[in-house]
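K.L.:
Residue numbering for the sequence shown is -25 to -1, 1 to 533, as defined by mature numbering (1 follows the signal peptide of the UniProt record, and there is no 0). Would you mind keeping the following structure in view while I ask a few things?
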Amino acid sequence: MLLRRFAAAAVSATLILSTVTPARAAAYDGSPKLVIELVFDQFRGDYLDRFRADFKARNGWNLFLKQGAHYTDCYYDYANLVTGPGHSTIGTGAYTDGHGVPVNDWYEKAPDGKLRYVQSIDDDRYTIVGQPAGAKVSPGASPHYEVASTLGDELVLATSGKARVFGVSLKDRAAILTSGHATKGAFWTDHESGRWITSTYWQKQLPSWVEAFNSGDAVARARATSKIPDGSFYEKVGATQAGVAYQLDFAKALIQNEHLGHNEAGVTDLITISVSSTDIMGHRVGPDDAQQRALIDASDVELDRFFTWIDSTIGLKNVMVSMTGDHGVAPSVNAAVAMGMPARGVPTKPMWDYVEKALQAKFKPKGNVKYVLGGESPWMQIDPEPFQAQGISEQQAEDATADAVREYFASLAASTTAQAGAPEGRLPEPLRVQFVYTASQLRNGQVPDTDQGRRELHSYSPAIRWAVHMNFGAYQYYGSETGTTHYSSNSYDRHVPLDFFGAAFQPGTYHNPVEPVDIAATFASLLRVNRPSAAVGHVRLESLKPEVAAIAGTVTRK
């Protein structure tokens, strides 16, 4: 049986370091005009405090640090730390065992019985709308792999469809999975051109204002400002201050043209905005590089422009904002090694080849058979067809795969060659795998009753079978030595910020442990709507003003 989450203990006042500033808004009335769920992709939880002295703008990061509720100890409680499940977790207030999104991409059996590699938002029942001529044709997109409702969905249900909910990001999965099923629209970019696109799941043609935005000079201005005249807009411009501005400018255009915050029915609207820039840059250089810090500082400027515009058009007193990351990130191997940490890159192909040979030796198939599919970390998937043809069960195949993974790491000889940049005389630590669990074990709840066991169970989805879930040694991962990645259950991948701004919140810095799933629970309570269908978070009572905390938790339908 799956482990259940236990309610957090009451928070002592001594855990809360209050840095209270005067509230910007009148007493909370339960009816903000607009909710903004802001996500910065690959944004580790120590960034805001680590770089705090850099932030000068009033309505940039200081909107949260000085005028909002800022939590320093927010950690995801699962082990699938990648973009798709991260954004789904934020939107639904549930982990993978609740919302169903396991990773960004995985192998599945198609309706015709053949294996196919899918993304977490692929849906070939629909088509992409707005792709430029000559662009690579992509499958349509929808949130159909997300099997739980989001906060936005519940707001739409509670208002009988009157609430307007939208999602925006450079990334399709970030725009779609955070906002949900009942949205009026989700928009993301064609990566090469930078044009904003959508899917026929929402509409058969782009709204006229999106067409106008695409045909205007926004892309040209972003390229000129970033001094990047050509190449992939996403990969090149997306990693710059101009890329941050481009995303927030589109969000402003959406808010203005869809009249968010000015709902004639008098109900609350909602927009999810995921800024992809920090993920693009972070993968390239790592979290400790000056370029990533410069981008976070530049984001301070762009957020100030955005929220100052919100103040002038809707009024900051009329909005409620959350800010978090979809996952944290590991330091680059080189940066960690230079500090004396046991960081190493895990060679992907040699491990897969070793596992394949071990399975071949154990099961002795006839003919040209390949067992290992690979897949996205932290999963390794195997092909069910050749196993089934030999009468081998899923559990038998997975157990053999898990054994082969462990044997691979045990077979590696200790290195006697120092790593470049390591302290003098320091030799590399051996590569190791900390945990390997099969999909069958997770499905049947066969894990230790530990924190790690709970995180593994929270990472399970029936979408992935015939697979093993791996967690390598701390600071060891697939990838280059200069860049970095994320996916493990280690604290640096799970640590993200959690910040709130709005009339309901008592400004201050809070040190009690919290999780990103608390966003949906807290906002649902404040908006007086049902929690999302699989939500497991807690209302953050300690950061609510006393008069609000006294009534928080009451759920009514409008």
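Every residue gets a Cβ at the ideal spot worked out from N, C-alpha and C, and that includes glycine.
1) Take every Cβ of the stretch 349 to 359, pair it with every Cβ of the stretch 395 to 407, and state whether three or more of those distances are shorter than 8 Å.
2) I'd like to confirm something about P77: is its beta-carbon nearer than 7 Å to some heavy atom of the ligand FAD, or not?
3) A133 lies in the beta strand (DSSP E); which residues open and close that run?
4) Taking the Cβ atom as the reference point for each residue, do Y92 and Y485 lie within a distance shorter than 8 Å?
5) Please state whether DSSP places E121 in a helix, a strand or coil.
6) Could you spell out the range, first to last residue, of the beta strand (DSSP E) harbouring L516?
7) Are there three or more Cβ pairs, one per stretch, closer than 8 Å when the stretch 89 to 103 is compared with the stretch 165 to 185?
8) Using 8 Å as the threshold, is the C-beta distance between V347 and E331 below it?
9) Along the chain, where does the beta strand (DSSP E) that runs through M256 open and close?
10) Out of A217, N446, L278, state which residue places its alpha-carbon closest to the alpha-carbon of R381.
11) Would G218 and G458 qualify as a contact pair, given that the criterion is a beta-carbon distance under 8 Å?
12) Just reading off the beta strand (DSSP E) that V296 is part of, what are its end residues?
13) My assumption, with CB atoms under 8 Å, is that E233 sits in contact with K159. Please give the rounded CB distance.
14) Does the stretch 28 to 48 come into contact with the stretch 464 to 475, if we say contact requires no fewer than three beta-carbon pairs (one atom in each stretch) closer than 8 Å?
15) One question on the structure: do A495 and L126 come within less than 8 Å of each other, judged by their Cβ atoms?
16) If we ignore side chains and look at the alpha-carbon of each, how far apart do T(-5) and S183 end up?
17) Answer yes or no: do A116 and D72 have a C-beta to C-beta separation smaller than 8 Å?
18) Nearest CA to the CA of G428: which residue from I271, F410, P437, A438?
19) Report the residue from K324, Q42, V523, Q371 whose alpha carbon sits nearest the alpha carbon of Y452.
20) Can you grab the Cα-Cα spacing for the pair A395 / A313, in whole Å?
21) Give me whichever residues DSSP pairs with Y92 in a beta bridge.
22) Let's see if you can read the secondary structure: which residues bound the beta strand (DSSP E) around S446?
23) Identify the residues that DSSP records as bridge partners of residue 539: which are they?
24) Can the beta-carbon of F188 be found less than 8 Å from the beta-carbon of W171?
25) Could you give the DSSP three-state label for T47: helix, strand or coil?
26) Can at least three beta-carbon pairs, one atom from the stretch 279 to 296 and one from the stretch 28 to 38, be found at a separation below 8 Å?
27) What's the call for T497, buried or exposed, on a 16-neighbour Cβ count within 10 Å?
28) Where do the N-terminal and C-terminal ends of the alpha helix (DSSP H) with I172 fall, by residue?
29) Closest by CA to E468, which one among A375, H302, Q94, F480?
30) Can you tell me the Cα-Cα spacing of S464 and V294, whole angstroms?
31) Quick one: give me the first and last residue of the alpha helix (DSSP H) that V276 is part of.
32) Using only the alpha-carbon positions, how far apart do R25 and P114 sit?
33) By Cβ distance, which residues of its chain are closer than 7 Å to R430, with the 5 residues on each side in sequence left out?
34) Looking at the structure shown, is D29 part of a helix, part of a strand, or coil, going by DSSP?
35) Is the number of C-beta pairs between the stretch 189 to 208 and the stretch 243 to 257 that are closer than 8 Å three or more?
36) Using the Cα positions of A2 and V122, report the straight-line distance between them to the nearest angstrom.
P.N.:
On the basis of the coordinates in this document:
1) no
2) With respect to the ligand FAD, the structure offers nothing, as it holds no ligand at all.
3) One-based indexing of the sequence shown puts residue 133 at position 158. In this chain, A133 is not harboured by any beta strand (DSSP E); it is covered by the alpha helix (DSSP H) spanning 126 to 133.
4) For the purposes of this step, residue 92 is taken as the residue at position 117 of the sequence shown. For the purposes of this step, residue 485 is taken as the residue at position 510 of the sequence shown. No, they are not a contact pair.
5) Taking the sequence shown and counting its residues from 1, the one referred to as residue 121 is at position 146. Note: E121 maps to coil in three-state DSSP.
6) Position 541 of the sequence shown, counting from 1, holds the residue named residue 516. That residue, L516, is in no beta strand (DSSP E); it is neither H nor E in DSSP.
7) yes
8) In the sequence shown, residue 347 corresponds to position 372, counting from 1. In the sequence shown, residue 331 corresponds to position 356, counting from 1. Yes, the pair counts as a contact, with Cβ atoms nearer than the cut-off.
9) The sequence position of residue 256 within the sequence shown is 281, counting from 1. No beta strand (DSSP E) holds M256; the alpha helix (DSSP H) holding it covers 252 to 260.
10) For the purposes of this step, residue 381 is taken as residue 406 along the sequence shown, with counting starting at 1. In this structure, N446 is the residue among A217, N446, L278 with its C-alpha nearest to the C-alpha of R381.
11) Looking up residue 218 in the sequence shown gives position 243. Looking up residue 458 in the sequence shown gives position 483. No, Cβ-Cβ distance for G218 and G458 is not below 8 Å.
12) Locating residue 296 in the sequence shown gives position 321, counting from the first residue. V296 -> beta strand (DSSP E) spans 294 to 300.
13) The residue you call residue 233 lines up with position 258 of the sequence shown. The residue you call residue 159 lines up with position 184 of the sequence shown. Their Cβ separation, rounded to whole angstroms, is 7 Å, which keeps E233 and K159 in contact under 8 Å.
14) yes
15) By 1-based counting over the sequence shown, the position of residue 495 is 520. By 1-based counting over the sequence shown, the position of residue 126 is 151. The answer is yes: Cβ separation under 8 Å.
16) Within the sequence shown, the letter at position 21 stands for residue -5. Within the sequence shown, the letter at position 208 stands for residue 183. Bear in mind that a pLDDT of 39 at T(-5), under 50, signals an unreliable position, so the number given afterwards is only what the model happens to contain. Taking the straight line joining both Cα atoms gives about 42 Å.
17) By one-based count along the sequence shown, residue 116 stands at place 141. By one-based count along the sequence shown, residue 72 stands at place 97. Contact flag unset, no.
18) Translated into the one-based positions of the sequence shown, residue 428 becomes position 453. Out of I271, F410, P437, A438, the CA that lies nearest to the CA of G428 is found in F410.
19) On the sequence shown, residue 452 is found 477 positions in, with the first residue counted as 1. Checking every option, the nearest Cα to that of Y452 belongs to K324.
20) Within the sequence shown, the letter at position 420 stands for residue 395. Within the sequence shown, the letter at position 338 stands for residue 313. Roughly 8 Å between the two C-alpha positions.
21) The residue labelled residue 92 in the question sits at position 117 within the sequence shown. The partner list for Y92 (beta bridge, DSSP) reads Y82.
22) The sequence position of residue 446 within the sequence shown is 471, counting from 1. In the sequence under discussion, the amino acid at residue 446 is Asn, which differs from the Ser named in the question. From DSSP, the beta strand (DSSP E) with N446 extends over 442 to 447.
23) Residue 539 cannot be examined here, being either before or after the span of the chain that is shown, -25 to 533.
24) Here the question's residue 188 lines up with position 213 in the sequence shown. Here the question's residue 171 lines up with position 196 in the sequence shown. The answer is yes: Cβ separation under 8 Å.
25) Here the question's residue 47 lines up with position 72 in the sequence shown. T47 falls in the strand class under three-state DSSP.
26) yes
27) Translated into the one-based positions of the sequence shown, residue 497 becomes position 522. By the 10 Å Cβ count, T497 comes out buried.
28) The residue given as residue 172 occupies position 197 in the sequence shown. Where I172 is concerned, there is no enclosing alpha helix (DSSP H), although the beta strand (DSSP E) around it starts and stops at 171 to 174.
29) Counting from one through the sequence shown, the residue named residue 468 turns up at place 493. Looking at the sequence provided, one finds Asp at residue 468 rather than Glu. It is H302 whose Cα lies nearest to the Cα of D468.
30) Taking the sequence shown and counting its residues from 1, the one referred to as residue 464 is at position 489. Taking the sequence shown and counting its residues from 1, the one referred to as residue 294 is at position 319. Answer to the nearest angstrom: the Cα atoms are 34 Å apart.
31) Along the sequence shown, read from residue 1 onward, the residue named residue 276 stands at position 301. Where V276 is concerned, the enclosing alpha helix (DSSP H) stretches over 265 to 288.
32) In the sequence shown, counting from the first residue as 1, residue 25 sits at position 50. In the sequence shown, counting from the first residue as 1, residue 114 sits at position 139. The alpha-carbon atoms of R25 and P114 are separated by roughly 41 Å.
33) As a first step, residue 430 is located in the sequence shown; it is residue number 455 there, counting from the start. Cβ within range, chain order: D52, Y53, A54, S464.
34) In the sequence shown, the residue the question calls residue 29 occupies position 54. Looking at D29 - three-state DSSP - the assignment turns out to be helix.
35) Here the stretch 189 to 208 makes no contact with the stretch 243 to 257; the two share fewer than three CB pairs at distances below 8 Å.
36) By 1-based counting over the sequence shown, the position of residue 2 is 27. By 1-based counting over the sequence shown, the position of residue 122 is 147. Note that A2 has pLDDT 42, beneath the 50 cutoff, so the model's placement of it is unreliable and no number is given.
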